[in-house]
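Student:
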Ligand SMILES: [Zn+2]
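In my numbering, the protein residues as written are 3 to 284.
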């Protein structure tokens, strides 16, 4: 190879490499959390350390008719004082009348949080929810379930690492699962005739419900691992919020009877629990 050709090759390839680094690798490394644990609006990277304590708090809250507070909000306060209890922070972050999560500014008015660094510059936290839209009803009776996995939980299932795309709500077989909205059933898939685990069976028996909550906001709700032959609805039919759709089972990639409740907006996973209206749940 001639000198000029070599130079061209190196230059050409390093431009290519730099571009690849900027365009592909950096976002990828960020997604993979190469730059260290960080809390985003959506979820907490490396959350396995907190998952058990968090689920305990969520389960206690649901049993006590409380609303929903995501893990990132709990950690906003907990990481400044690790002697605090997750459940206490959880409750402090809810409005007692509406059961909606309070803006951080309001939680910071409580004496115990006032002097936290996060309360001096909470604007930077980017978690001040001025208006929370809660278009959904619960997909199941929350008094009958135990949360075994939350949205974006980093966990190990059947020996495999995985970031969970939905909520796992464990309960007994055939517990009714319900429409979260007035909407349209877009898919009813019940190929599994036996209520048992099949590690290559994905979501098992499933129902998809489309919820058009606004002109330009349509959520897709997935109910997975359903009991064989339990579908009470048909593809293409409309349903009312609260209508029974099917029963809980353990078909597909499942370790026991539970509802896998998953919500997507334009193909991107969103936290289905944050959309549920807990206000009349007394
Ligand atoms: Zn699941």
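By construction, the Cβ of each residue, glycine as well, lies at the ideal position given by its N, Cα and C atoms.
#1: Suppose contacts are defined by Cβ-Cβ distances below 8 angstroms. Is residue 74 in contact with residue 148 by that definition?
#2: Between residue 1 and residue 142, is the Cβ-Cβ spacing less than 8 angstroms?
#3: Name the two residues that bound the continuous alpha helix (DSSP H) containing residue 264.
#4: What does DSSP give as the partner residue(s) for residue 178 in the beta ladder?
#5: Hey, quick one: how far does the alpha helix (DSSP H) through residue 288 stretch, first residue to last?
#6: Distance check for residue 277 and residue 120, CA to CA, integer angstroms please.
#7: I need the straight-line Cα distance from residue 56 to residue 216, nearest angstrom please.
#8: Looking only at its own chain, which residues have a Cβ that is under 6 angstroms from the Cβ of residue 155, when we skip the five neighbours before and after it?
#9: Given residue 220, which residues of its chain have a CB within under 7 angstroms of its CB, disregarding the five upstream and five downstream residues?
#10: Looking at residue 173 and residue 260, is the spacing between their C-beta atoms short of 8 angstroms?
#11: With a cut-off of 8 angstroms, do at least 3 Cβ pairs link the stretch 221-236 to the stretch 260-272?
#12: Since residue 189 is in the beta strand (DSSP E), which residue starts that stretch and which ends it?
#13: Once DSSP output is grouped into helix, strand and coil, what is the label at residue 115?
#14: I believe residue 68 touches residue 109 by the beta-carbon criterion, under 8 angstroms. Please report the beta-carbon distance rounded to the nearest angstrom.
#15: Is it buried or exposed for residue 140, if we count other Cβ within 10 angstroms and need 16 for buried?
#16: Leaving out five residues on either side along the sequence, give the residues of the same chain with a beta carbon under 7 angstroms from the beta carbon of residue 66.
#17: For a test of your reading of the model: does the CB of residue 168 fall under 7 angstroms from any non-hydrogen atom of ligand 1? Yes or no.
#18: Between residue 101 and residue 281, how many whole angstroms is the CB-CB distance? I'm expecting something under 8 angstroms.
#19: Examine ligand 1 and report whether any of its heavy atoms sits within less than 7 angstroms of the Cβ of residue 163.
Tutor: In terms of the structure at hand:
#1: Counting from one through the chain shown, the residue named residue 74 turns up at place 72. Counting from one through the chain shown, the residue named residue 148 turns up at place 146. In this structure, residue 148 does not lie closer than 8 angstroms to residue 74 by Cβ.
#2: Here the chain has residues from 3 to 284 only, and residue 1 is not among them.
#3: Here the question's residue 264 lines up with position 262 in the chain shown. Not the alpha helix (DSSP H): residue 264 falls in the beta strand (DSSP E), residues 260-267.
#4: Looking up residue 178 in the chain shown gives position 176. According to DSSP, residue 178 bridges with 249.
#5: Examination of residue 288 is not possible in this model, given that the chain is present from 3 through 284 alone.
#6: Taking the chain shown and counting its residues from 1, one reaches residue 120 at position 118. Taking the chain shown and counting its residues from 1, one reaches residue 277 at position 275. Residue 120 and residue 277: Cα-Cα distance of roughly 26 angstroms.
#7: The residue labelled residue 56 in the question sits at position 54 within the chain shown. The residue labelled residue 216 in the question sits at position 214 within the chain shown. For residue 56 and residue 216, the distance between alpha carbons rounds to 32 angstroms.
#8: Taking the first residue of the chain shown as position 1, residue 155 is located at position 153. For residue 155, where only same-chain residues beyond five positions count, the Cβ hits under 6 angstroms are 53 and 166.
#9: Locating residue 220 in the chain shown gives position 218, where the first residue counts as 1. Excluding residues within five positions, the ones whose Cβ falls inside 7 angstroms are 212, 213 and 214.
#10: In the chain shown, residue 260 corresponds to position 258, counting from 1. In the chain shown, residue 173 corresponds to position 171, counting from 1. Taking 8 angstroms as the Cβ cut-off, residue 260 and residue 173 qualify as a contacting pair.
#11: yes
#12: Here residue 189 corresponds to residue number 187 of the chain shown, with the count starting at 1. Segment 185-191, the beta strand (DSSP E) holding residue 189.
#13: As a working mapping, residue 115 is identified with position 113 in the chain shown. Three-state result, residue 115: coil.
#14: For the purposes of this step, residue 68 is taken as residue 66 along the chain shown, with counting starting at 1. For the purposes of this step, residue 109 is taken as residue 107 along the chain shown, with counting starting at 1. The pair is not a contact, with the Cβ atoms about 15 angstroms apart (cut-off 8 angstroms).
#15: If you number the chain shown from 1, residue 140 lands on position 138. Label assigned to residue 140: buried.
#16: As a first step, residue 66 must be located in the chain shown, where it is residue number 64. None.
#17: Your numbering for residue 168 matches position 166 in the chain shown. Result yes, Cβ under 7 angstroms from ligand 1.
#18: Residue numbering aside, residue 101 sits at position 99 when the chain shown is read from its first letter. Residue numbering aside, residue 281 sits at position 279 when the chain shown is read from its first letter. By a beta-carbon distance limit of 8 angstroms, residue 101 contacts residue 281. Their separation comes to about 5 angstroms.
#19: Position 161 of the chain shown, counted from the first residue, corresponds to residue 163. Flag unset: Cβ of residue 163 not near ligand 1.
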